[in-house]
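Enquirer: Take this structure, written in structure tokens, and hold onto it; I'll ask about it next.
2 protein chains.
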Amino acid sequence: MTSSSLARPIELQDVSISSKFWLGRIRTVKDASLPAMYQQMKETGRWDCLKLQWKPGQPNKPHQFWDSDIAKWLEAACYILAKFPDASLHRLAEEAVDNIRGAQQEDGYINTYYTVVEPELKWANIAWSHELYCAGHLLEAALAHYTYTGSNRLLGPLMKYVRYIDSVFGAEEGKKKGYPGHEEVELSLVRTYDITDDPLLLNLADYFIKERGSRRPEGHYYDIEAKARGVPPQPGPGHGPPYSYHQADRTIGEMTSVEGHAVRAMYWLAGAAGVCRLTKDKSIRRALDRLWKSAVHRKMYVTGGLGAIPELEGFGPDYYLPNETGYLETCAAIALVFFAHQMIHLDPLNMEYARVLELALYNAVLVGVALDGKSFFYDNPLATVDGYLSRSKWFEVACCPANVARLLSSVGRYIYSIGSDDMIFVHLYVSSVARVTLSTGETIRISQESKGPWEGGSAFAIDGSTNLGSVKLCLRIPDGCTDFKVTSSSSFQCESAGYQARIVQCPFVTQKTVSISVSFSFRPRSIHPHPLNLDNTHCVAIARGPFIYCVESTDNPDITDLRAIRIPDNAEFSEEILDEQGLGRQGFDQACVHGLGDKAIILKTKAHILQTDRNEQDTNTVLTLIPYFMWANRGKSNLRVWLPRL
Amino acid sequence: MTSSSLARPIELQDVSISSKFWLGRIRTVKDASLPAMYQQMKETGRWDCLKLQWKPGQPNKPHQFWDSDIAKWLEAACYILAKFPDASLHRLAEEAVDNIRGAQQEDGYINTYYTVVEPELKWANIAWSHELYCAGHLLEAALAHYTYTGSNRLLGPLMKYVRYIDSVFGAEEGKKKGYPGHEEVELSLVRTYDITDDPLLLNLADYFIKERGSRRPEGHYYDIEAKARGVPPQPGPGHGPPYSYHQADRTIGEMTSVEGHAVRAMYWLAGAAGVCRLTKDKSIRRALDRLWKSAVHRKMYVTGGLGAIPELEGFGPDYYLPNETGYLETCAAIALVFFAHQMIHLDPLNMEYARVLELALYNAVLVGVALDGKSFFYDNPLATVDGYLSRSKWFEVACCPANVARLLSSVGRYIYSIGSDDMIFVHLYVSSVARVTLSTGETIRISQESKGPWEGGSAFAIDGSTNLGSVKLCLRIPDGCTDFKVTSSSSFQCESAGYQARIVQCPFVTQKTVSISVSFSFRPRSIHPHPLNLDNTHCVAIARGPFIYCVESTDNPDITDLRAIRIPDNAEFSEEILDEQGLGRQGFDQACVHGLGDKAIILKTKAHILQTDRNEQDTNTVLTLIPYFMWANRGKSNLRVWLPRL
């Protein structure tokens, strides 16, 4: 196995999660988020918009993104239904399918807005219209529906739509040389190709990736379509941002840093990485390496969040990561999970991708939804001063709620990947049962009993019908863990795969069952900022296991101003395990406690509190830290992730 | 003399500046800023808008603020003309006067927008209309014109307008209970009262201050007028910000902190302080103390700038002072100078007011205009990362250019105040000649030869026609100076007035001339942030004399990223005096050099430069610092005021 070996993603339907923590999060999506979102969509007119009955002058005028809201909800619903049959949710899902089918035009086109509101602008403003963005989300919903039901009832119409799109856009003579202003369709094409093997899908995705930002002799495509509409080209006062906002100022091969809108950029790169996995394009591969480093090494927050600049919903300069004004859109973290997941499959022995996937998932994504599943953050600054921030039930631009729902309900997809030589890459230590087909064609079953996410260690039981001696587990050594150790009841080989992973195999095993255990410990650890990140000069962040911790004022009522906290360099952190009762005492209500899987670990330390009133002496206090994703579930409060050192 | 003794401002026409530095700044206003602004106003239709010839459908539709742009230009022009006669500038000023006179309606009303664009909304939207804001600026222009010409040609019509306003707004039965959404008129009424003694002016100002934010039984005035227009009241989505944005959420007596739009808040408090000086209202006095402390101790940047929140153009929470995203509008610093100046006269022995006035003037105000006078900053962050910031020739909302012009051209007003008992308060050490009328009615002449602003020390020569034994100078001890020492050729008494000032008198003098000299030294000094200002944790700012210094990348081409600079705690700063040639070598062009009065002092120190590339060792370099107000005069570059300590 060399580092250039590829791996393929495990399919979601082959994984069943049993982790109490993750079942807590997923059941909350089912029982709270999906119904709450349906209600909001129903009330705002979104749910029924695909019936195409809106007329000018009526309320609830459809918006360009509305189809994608329904699509993401449907996608999440199908993931949920595959595990938790539910007749009424099933009926709603099929109603959504009917609506989408009903909205399809003769030529295959599906888009509410450009069918009923501005039909004359169909395909005329691809830089801003979100038509291809909605198409991508509809395709992902169709794929989820296909996987759940085995029926082509939605995937069929969507494939017709894709063929229509392919007839409109492409490198071939006579086709428009456009590409989406909001990327997303590329990744959905790759995912659908992974299931259906239809080369048209990959060709179209490859075209969108390669065409993006190109300067043809006739000009930039967005200029051409703007001119055709009689409006001035970007950028300029009142003309919109520069094309770097859409990652369309140059081609991917020419890009040296991620710029512009963070969600667009991450969807784009996830799609590009998927294309690269399938086409093995070397120039895209080099670009992906550069752009990964730009995003993750220089523009990522400590929580895995992305986007320093609210005005752009996007990236700022390198290492410019302000806390209070940071944007860190929930969707950007979700998109980073997708990007990291696709990158894993280009270089599965580089554990950085899984490390970042886990970081973003457990922190920047999870924080986007309340523990009770009913309210959502769109942007996620790392500090607040005046208690202004709380989650919202819904947003006018409602991308984040359904996006987080579809990711949480499909988290099983990120636990394993399948490499050549029967290598099973373990990205996440999450209790689950998975089915994996070996190179021999035989299917094995991997049960993982994990102590995660709160403690380190997992016991793997691998069952098959024959000899399991060829099976290898590539075990990732998580960030900041100690005492990483592998054991087995069989004799085994354990080989280092860099300093980030161990490859374990039981070559002489003759049983049809193999047990391999990995143990490791989590201790609270300090993270120091990059020296050019001046917003956090002389500060530390505290982490334990996959979680970044924070101070929330709710837990620290004696501290008038969280900014007065100073952490001594020799501070020791003690751990406190909270069970259901403990969480209740800490102020979390029943719904939140269940959403957490009834357990959490909080940290305590002695901190120095500055007294800014001249007449008072500094004091010491016992500071409570909670996992960052758990903040803002107990009413208005303040937050700090980075804490100044004493 | 007790600390409750009041003082009166010296009138601008009684002071003539001879400081090379200030003549450089003022001549630049005359020769560059006023012509450039006239040109912009002419081209954008502002200059001629008061001719009231705009019709719907024509270009250059007047905006609600346009009258104020002309008024501030005219005010500055009159200040300039009083010192530097100039026939063509005089003609333009009189043309503006003619236009304003011509725009006056039968009832006295003067407002372009509400005469030609939306006449049906006259006085109907005082929360947002800027009618009273424009009225205030027109009144200040009229006052400047009256002082310059001695003619009532503009002040007469404006007094008619004021009487009309007084007939519309006021506490009396039948009058509207409104007050301006953008304060300014209050201060102009006070200033006009100081000259004309017309009690109507003070009564109206007093009404505006006292009525503001009151909750009458019939409701909040802004709600009432919104309802009358048939629009929803503030706040709410699409309804505008909360009333705290206008400082109208409660009355001044109920306010505990400055909130909302910083320029509005400072104009308001300057007006309130002026009213308080004249009415001696104790509740307002207490409120002013509270609100001064809120603004200056908890919400002011190290440069004297105000406004952390761009979205509000206003105040954030206490000690929240981000560098890169700070707003620090030039106009807010100008308004702080006005507020501080009015506060001086409530408590002239409290030197904090003059200290803050000087800080804001030499830093947060001066930075608002290029050294060549031709371009302007609207907002003034204290750090930039990607070289995005440069001054603009003009703004759509063009409040700042003419505002800085009128302040710089009237800076003489801030040098002295006249207390009871022939006490002359010296606020600024600026070479000048002033006329002061003593309690005896006799007029004396004070010549000040100052080494400022680059070095400390001034020689005062006081000439009168009789015995000068009663004259006292209250000499402020500037921030961070050393070796403050008073000498005189006559025998003199020197008494401490707190630790911030010395009161000097030559009681036995019998001559008609007295010489008093004060000497002090400036050394580079470090300023440490408030501990709750976490944006600058473990950082220092460097100052010398009245100037805050900064690092600009232009002067430090070897430093790739200014964020890599670390200042050792034992760093020593050497001073380098730049003359005309030296400034040229430092990259300043001729116009900038002359705008500076041909001299500046820059600082050098040995700094540590972090190398973030793992393969390179940290280095030391000689760092150049320049006064903050001088930055951004040599093309695109980056800026940092606060520097991390090593």
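Each protein sequence line maps, in turn, to chains R and H.
Here the working numbering runs 191 ahead of the position in the first sequence, where the first position is 1.
Here the working numbering runs 191 ahead of the position in the second sequence, where the first position is 1.
Yeah, the Cβ is synthetic: ideal placement off N, Cα and C, and Gly gets one too.
1) Determine whether the Cβ of cysteine 730/R lies closer than 8 Å to any Cβ atom of chain H.
2) With which residues is arginine 836/H paired in a DSSP beta bridge?
3) Quick check: the Cα distance between serine 601/H and serine 623/H, rounded to an integer number of angstroms?
4) Below 8 Å on C-beta distance, what does glutamate 515/R contact in chain H?
5) Quick one, which of Arg455/R, Ala791/R, Ser207/R, Ala268/R has its alpha-carbon nearest isoleucine 768/R's?
6) Taking only beta carbons into account, state which residues of the region 570-603 of chain H come closer than 7 Å to chain R, listed in chain order.
7) Three-state secondary structure (DSSP) at phenylalanine 586/R?
8) Inspect the beta-carbon positions of cysteine 487/R and valine 547/R and report whether they are closer than 8 Å.
9) Among Pro592/H, Pro247/H, Asp726/H, which has the Cα closest to the Cα of valine 493/H?
10) Distance cutoff 8 Å, beta carbons only. Does arginine 754/H sit that close to anything in chain R?
11) Any residues in the region 776-803 of chain H with a beta carbon nearer than 8 Å to a beta carbon of chain R? Which ones, in chain order?
12) Measuring straight from C-alpha to C-alpha, what distance separates threonine 673/H and arginine 735/H?
13) Would you kindly work out how many angstroms separate the C-alpha atoms of glutamine 438/R and threonine 678/R, rounded to a whole number?
14) When you compare only the Cα positions, how much space is there between serine 712/R and phenylalanine 764/R?
15) Measuring only the C-alpha atoms, how far is glutamate 318/R from valine 621/R?
16) What number of angstroms, rounded off, separates the C-alpha of leucine 503/H from the C-alpha of glycine 451/H?
17) The beta strand (DSSP E) that contains arginine 403/R, what's its start and end?
18) Per DSSP, what kind of secondary structure is alanine 267/H in: helix, strand or coil?
19) For the pair the region 449-468 of chain R and the region 373-384 of chain R, tell me if three or more CB-CB distances fall below 8 Å.
20) Taking only beta-carbon atoms, is leucine 725/H less than 8 Å away from chain R?
21) Looking at C-beta atoms only, is the number of pairs between the region 735-750 of chain H and the region 736-746 of chain R that lie closer than 8 Å three or more?
22) With a threshold of 8 Å between beta carbons, is proline 759/H in contact with chain C?
23) Helix, strand or coil: which one does DSSP assign to methionine 350/R?
24) Do the region 553-570 of chain R and the region 504-517 of chain H make contact, defined as three or more Cβ pairs closer than 8 Å?
25) Along the chain, where does the alpha helix (DSSP H) containing glycine 610/R start, and where does it finish?
26) Just confirm the distance between the C-beta atoms of tyrosine 510/H and asparagine 829/H, as a whole number of angstroms; I'd bet it's less than 8 Å.
27) Would you kindly check if the distance between the Cβ of tyrosine 605/H and the Cβ of histidine 532/H is under 8 Å?
28) Does the distance from the C-beta atom of glycine 256/H to that of cysteine 522/H stay below 8 Å?
29) Could you pull the start and end residues of the beta strand (DSSP E) that isoleucine 208/R belongs to?
30) Flag proline 508/H as yes if its beta-carbon sits less than 8 Å from any beta-carbon of chain R, otherwise no.
31) Spatial neighbours of leucine 380/R within its chain, please: C-beta separation below 6 Å, excluding the five flanking residues on both sides.
32) Between the beta-carbon of lysine 263/R and the beta-carbon of arginine 597/R, is there less than 8 Å?
33) Quick one: does the C-beta of proline 426/H sit closer than 7 Å to a heavy atom of the ligand COA?
34) Run through the region 242-298 of chain H for me and flag every whole alpha helix (DSSP H) of 4 or more residues, listed as ranges in chain order.
35) Below 8 Å, can you find three or more Cβ-Cβ pairs linking the region 295-304 of chain R to the region 220-236 of chain R?
36) Is it buried or exposed, arginine 757/H, if we count other Cβ atoms within 10 angstroms and call 16 or more buried?
Expert: This is what the structure holds:
1) Position 539 of the first sequence, counted from the start, is the residue given in the question as residue 730/R. So yes, cysteine 730/R belongs to the interface.
2) Translated into positions along the second sequence, residue 836/H becomes position 645. DSSP output for arginine 836/H lists Ile758/H as bridge partner(s).
3) Working through the second sequence from its first residue, we reach residue 601/H at position 410. Working through the second sequence from its first residue, we reach residue 623/H at position 432. Near 13 Å, if we compare the C-alpha coordinates of serine 623/H and serine 601/H.
4) Here residue 515/R refers to the residue found at position 324 when the first sequence is read from its first residue. Chain H residues near glutamate 515/R: Tyr511, Pro513.
5) Counting from 1 along the first sequence, the entry for residue 768/R is found at position 577. Taking only the C-alpha atoms, the option nearest isoleucine 768/R is Ala791/R.
6) Val576, Asp577
7) Mapped onto the first sequence, residue 586/R falls at position 395. Correct three-state label for phenylalanine 586/R: coil.
8) If you number the first sequence from 1, residue 487/R lands on position 296. If you number the first sequence from 1, residue 547/R lands on position 356. Looking at the sequence itself, residue 487/R is valine, so the reference to cysteine does not match. Against a cut-off of 8 Å, the Cβ pair of valine 547/R and valine 487/R comes out as a contact.
9) Taking the first residue of the second sequence as 1, we reach residue 493/H at position 302. For the residues Pro592/H, Pro247/H, Asp726/H, the minimum Cα distance to valine 493/H belongs to Asp726/H.
10) The count along the second sequence starts at 1 and reaches residue 754/H at position 563. True, the Cβ-Cβ gap to chain R drops below 8 Å.
11) Leu801, Thr803
12) Along the second sequence, one-based indexing puts residue 673/H at 482. Along the second sequence, one-based indexing puts residue 735/H at 544. Each residue's Cα considered, the two are about 11 Å apart.
13) As a first step, residue 438/R is located in the first sequence; it is residue number 247 there, counting from the start. As a first step, residue 678/R is located in the first sequence; it is residue number 487 there, counting from the start. Each residue's Cα considered, the two are about 47 Å apart.
14) Within the first sequence, the letter at position 521 stands for residue 712/R. Within the first sequence, the letter at position 573 stands for residue 764/R. Cα-Cα distance, rounded: 15 Å.
15) By 1-based counting over the first sequence, the position of residue 318/R is 127. By 1-based counting over the first sequence, the position of residue 621/R is 430. Note on residue identity: the sequence assigns alanine, not glutamate, to residue 318/R. Roughly 40 Å between the two C-alpha positions.
16) Counted from its first residue, the second sequence places residue 503/H at position 312. Counted from its first residue, the second sequence places residue 451/H at position 260. Straight-line Cα distance between these residues: approximately 6 Å.
17) In the first sequence, residue 403/R corresponds to position 212, counting from 1. Neither: arginine 403/R is in no beta strand (DSSP E) and is coded neither H nor E.
18) The count along the second sequence starts at 1 and reaches residue 267/H at position 76. Helix.
19) yes
20) Position 534 of the second sequence holds residue 725/H. So yes, leucine 725/H belongs to the interface.
21) no
22) Given the protein chain composition of this structure (R and H), no chain C is represented.
23) Within the first sequence, the letter at position 159 stands for residue 350/R. DSSP places methionine 350/R in helix when its eight states are reduced to three.
24) no
25) Taking the first residue of the first sequence as 1, we reach residue 610/R at position 419. No alpha helix (DSSP H) contains glycine 610/R, which is instead part of the beta strand (DSSP E) from 607-610.
26) Here residue 510/H refers to the residue found at position 319 when the second sequence is read from its first residue. Here residue 829/H refers to the residue found at position 638 when the second sequence is read from its first residue. Not confirmed; about 25 Å, so no contact.
27) In the second sequence, counting from the first residue as 1, residue 532/H sits at position 341. In the second sequence, counting from the first residue as 1, residue 605/H sits at position 414. Yes, Cβ-Cβ distance for histidine 532/H and tyrosine 605/H is below 8 Å.
28) For this step, residue 256/H is matched to residue 65 along the second sequence. For this step, residue 522/H is matched to residue 331 along the second sequence. Before going further, note that residue 256/H is phenylalanine rather than glycine in the sequence given. Not closer than 8 Å, so no.
29) For the purposes of this step, residue 208/R is identified with residue 17 of the first sequence, where counting begins at 1. Looking at the DSSP string, the run of the beta strand (DSSP E) that includes isoleucine 208/R is 206-208.
30) In the second sequence, the residue the question calls residue 508/H occupies position 317. Yes, contact with chain R.
31) One-based indexing of the first sequence puts residue 380/R at position 189. Excluding sequence neighbours, leucine 380/R sits near Leu392, Leu395, Ala396.
32) Translated into positions along the first sequence, residue 263/R becomes position 72. Translated into positions along the first sequence, residue 597/R becomes position 406. Contact flag set, yes.
33) As presented, the structure is devoid of all ligands, the ligand COA included, so that no description of it is given.
34) 257-274, 278-294
35) no
36) Indexing the second sequence from 1 puts residue 757/H at position 566. By the 10 Å Cβ count, arginine 757/H comes out buried.
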